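Trainee:
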Amino acid sequence: MTAQPPAPEQPQSPMHAFAPAVTVLFVVIVVVAVLVIRLTGSSGTANGISARTAPTSSLPIDSNPVRAAQPLAAPVSPTGDVAFDAGVTEVARFVETTRGHPFRDQVRVDLVDDSLFTLLLLADFESGIGDIRTTEVTLKALGMLPPDADLVSEVQRSLSAGVIGFYDPSSAQLVIRGTALTPFTRTTLAHELTHALDDQCFDLDRATLNTAGSGAQFGFQALVEGTATWVERLWTDSRTPAERAAATTEAREFSRNVAAGGFSVSVVQIIEETLGELDLTAVLSTSLAPAVARAAGEGWGGDRYVVWRSASGASCIRLDVIGDTPEDSREIADGLRSWSAAQPLSAQPGTSVETLTPGFTRLTSCR
386 MTAQPPAPEQ
396 PQSPMHAFAP
406 AVTVLFVVIV
416 VVAVLVIRLT
426 GSSGTANGIS
436 ARTAPTSSLP
446 IDSNPVRAAQ
456 PLAAPVSPTG
466 DVAFDAGVTE
476 VARFVETTRG
486 HPFRDQVRVD
496 LVDDSLFTLL
506 LLADFESGIG
516 DIRTTEVTLK
526 ALGMLPPDAD
536 LVSEVQRSLS
546 AGVIGFYDPS
556 SAQLVIRGTA
566 LTPFTRTTLA
576 HELTHALDDQ
586 CFDLDRATLN
596 TAGSGAQFGF
606 QALVEGTATW
616 VERLWTDSRT
626 PAERAAATTE
636 AREFSRNVAA
646 GGFSVSVVQI
656 IEETLGELDL
666 TAVLSTSLAP
676 AVARAAGEGW
686 GGDRYVVWRS
696 ASGASCIRLD
706 VIGDTPEDSR
716 EIADGLRSWS
726 AAQPLSAQPG
736 TSVETLTPGF
746 TRLTSCR
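Residue numbers (the working numbering): 386 to 752.
The following block contains the structure:
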């Protein structure tokens, strides 16, 4: 008999909670289609490459209220390599202008080879293995991972092969993979220098958000990454056609090398205790029409779940979820029942959907 875990604590309605246990190590992971689109743009000359002048912040540096001082003479720590320092400084000045405030302290930028980059990137990897294993059980229980998948190995391999740069707010460390400053690495640098600048002005190292029990951490991470991606795109748009072509070629070559190594390059978000609207929609989308799944997910009001492994080794999840309104709750319940009915016959015995107190629906899935 499968051991039964305690029921999830029922959320108050409505409760918008999403607490992903992800590290505040901000990284750029190459996904071929997205990166090539960013580099080539959606309009321009016949070969898809165009140059546009990047718009800048409407708030001049001198009038920005977060400005602590006049722009530094050298925003990036000098290395003694004149060409390298000039190339990095150009990107740093662009980031300052675009964001509307200067660097308060010099940033050290390290350009390192593959082996050292991987060593630095994975220095704290072991501390997050427990969270990854929790996610593995969750995804297997929902049928979103094969039973024999090893998520820890997949995440480690994806990071080792697919990350091209990172900034760590806890140490103010900015590292780029590569042996030379190229158009491609400078695109990555624009993204990571944005993190560095925002960290100096707004403090990105906010560990309390990981346990905030609300959508604060998810929203904060989205804001941080969205800002850096925006600046990166503006940098790309400001480059000459020749630079953009060179960056595109290098990005494609990097991606081919990753694919040749058999790695699945993706962003993996580690979650625990709460699915949230986006992940509930993703789960439903595995079996329902996208529009149906999206409609149910949009009515999400809050959830709690627990995961465990049964005595037989099955991965199990029990999820209690409620909608924003009674109608939303009914729509979510209907969606979960349809999702349950669409599961493979082998998973049917371990899957059930129950109606609890008014508004609450419980999904249990073991496989």
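All C-beta atoms in this analysis are idealised placements derived from N, C-alpha and C, irrespective of residue type, glycine included.
Here the structure is a predicted model, which is why all the values come from computation and not from measurement.
1) With DSSP collapsed to three states, give me the class of residue 490.
2) In the DSSP assignment, what are the bridge partners of residue 739?
3) From which residue to which residue does the beta strand (DSSP E) around residue 686 run?
4) Beta carbon of residue 711, beta carbon of residue 744: below 8 Å?
5) Taking DSSP as the reference, what is the three-state secondary structure of residue 504?
6) For residue 632, which residues in the same chain have their Cβ closer than 6 Å to its Cβ, ignoring the five residues on either side in sequence?
7) For residue 734, count neighbouring C-beta atoms within 10 Å of its own C-beta (all shown protein chains included) and say buried if the count is 16 or more, exposed if not.
8) Kindly indicate which three-state DSSP category residue 440 falls into: helix, strand or coil?
9) Roughly how many angstroms lie between the CA atoms of residue 488 and residue 627, to the nearest whole one?
10) Could you spell out where the beta strand (DSSP E) holding residue 708 opens and where it closes?
11) Tell me the DSSP secondary structure of residue 722 in three-state form.
12) Starting from residue 495, follow its DSSP beta bridges and name the residues at the other end.
13) Contact between the stretch 478-494 and the stretch 579-586: three or more CB pairs below 8 Å?
14) I need the boundaries of the alpha helix (DSSP H) containing residue 469, first residue and last residue.
15) Pull up the CB-CB distance for residue 469 and residue 506, whole angstroms please, since I reckon it's below 8 Å.
16) Exposed or buried, residue 514, counting other C-beta atoms within 10 Å across all chains shown (16 or more means buried)?
17) To the nearest angstrom, how far is the alpha carbon of residue 522 from that of residue 559?
18) Report the rounded CA-to-CA distance for residue 527 versus residue 702, giving the unit in angstroms.
19) Compare the beta carbon distance of residue 714 and residue 708 with 8 Å and say whether it is the shorter of the two.
20) Per DSSP, residue 461 forms a beta bridge with which residues?
21) Ignore the nearest five residues each way along the sequence and tell me which others in residue 473's own chain have a CB closer than 6 Å to its CB.
22) Under the rule that 16 or more other beta-carbon atoms within 10 Å means buried, what is residue 563, buried or exposed?
23) If residue 477 sits next to residue 578, beta carbons under 8 Å apart, how far is it from one beta carbon to the other, in whole angstroms?
24) Distance, Cα to Cα, residue 640 vs residue 547?
25) Mapping DSSP to helix, strand and coil, what is residue 786?
Mentor: Answer, in terms of the structure:
1) In the sequence shown, residue 490 corresponds to position 105, counting from 1. DSSP places residue 490 in coil when its eight states are reduced to three.
2) Taking the sequence shown and counting its residues from 1, one reaches residue 739 at position 354. Answer by DSSP bridge pairing, in chain order: 747.
3) If you number the sequence shown from 1, residue 686 lands on position 301. Boundaries of the beta strand (DSSP E) harbouring residue 686: 685-694, taken from the DSSP string.
4) Looking up residue 711 in the sequence shown gives position 326. Looking up residue 744 in the sequence shown gives position 359. Against a cut-off of 8 Å, the Cβ pair of residue 744 and residue 711 comes out as a contact.
5) For the purposes of this step, residue 504 is identified with residue 119 of the sequence shown, where counting begins at 1. Residue 504: helix per DSSP, three-state reduction.
6) Taking the sequence shown and counting its residues from 1, the one referred to as residue 632 is at position 247. 424, 568, 569 and 572.
7) By one-based count along the sequence shown, residue 734 stands at place 349. Classification of residue 734: exposed, given that the 10 Å Cβ count is below 16.
8) Here residue 440 corresponds to residue number 55 of the sequence shown, with the count starting at 1. Only weak support exists for where residue 440 lies, its pLDDT of 34 falling under 50; the coordinates are left without a value.
9) The residue you call residue 488 lines up with position 103 of the sequence shown. The residue you call residue 627 lines up with position 242 of the sequence shown. When rounded, the distance between both Cα atoms is 29 Å.
10) Along the sequence shown, read from residue 1 onward, the residue named residue 708 stands at position 323. First-last of the beta strand (DSSP E) with residue 708: 700-708.
11) Sequence index remark: in the sequence shown, residue 722 carries index 337 (1-based). Of the three classes helix, strand and coil, the one that applies to residue 722 here is helix, per DSSP.
12) Walking along the sequence shown from the start, residue 495 turns up at place 110. DSSP output for residue 495 lists 560 as bridge partner(s).
13) These segments touch.
14) Here residue 469 corresponds to residue number 84 of the sequence shown, with the count starting at 1. Here the alpha helix (DSSP H) through residue 469 covers 467-484.
15) Your numbering for residue 469 matches position 84 in the sequence shown. Your numbering for residue 506 matches position 121 in the sequence shown. Contact flag wrong, Cβ pair sits at about 21 Å.
16) What you label residue 514 is simply residue 129 of the sequence shown in a count that begins at 1. It is exposed - the Cβ of residue 514 has fewer than 16 other Cβ atoms within 10 Å.
17) The residue given as residue 522 occupies position 137 in the sequence shown. The residue given as residue 559 occupies position 174 in the sequence shown. One alpha carbon belongs to residue 522, the other to residue 559, and they sit about 33 Å apart.
18) Residue mapping note: residue 527 aligns to position 142 of the sequence shown, counting from 1. Residue mapping note: residue 702 aligns to position 317 of the sequence shown, counting from 1. Approximately 7 Å between the Cα atoms of the pair.
19) As a working note, residue 714 is residue 329 in the sequence shown. As a working note, residue 708 is residue 323 in the sequence shown. Using a Cβ distance threshold of 8 Å, residue 714 and residue 708 count as a contacting pair.
20) Counted from its first residue, the sequence shown places residue 461 at position 76. Looking at the DSSP output, residue 461 shares a beta bridge with 492.
21) Taking the sequence shown and counting its residues from 1, one reaches residue 473 at position 88. Within the same chain, 461 and 494 come within 6 Å of residue 473 by CB-CB distance, once the 5 residues on both sides are set aside.
22) Translated into the one-based positions of the sequence shown, residue 563 becomes position 178. Buried, because 16 or more other Cβ atoms sit within 10 Å of the Cβ of residue 563.
23) As a position in the sequence shown, residue 477 is number 92, starting the count at 1. As a position in the sequence shown, residue 578 is number 193, starting the count at 1. Correct: roughly 6 Å between the Cβ atoms.
24) Reading the sequence shown from its first residue, position 255 is the one you call residue 640. Reading the sequence shown from its first residue, position 162 is the one you call residue 547. When only Cα atoms are considered, residue 640 and residue 547 end up about 8 Å apart.
25) Residue numbering for the chain in the displayed model covers 386 to 752; residue 786 lies beyond these limits and cannot be assessed.
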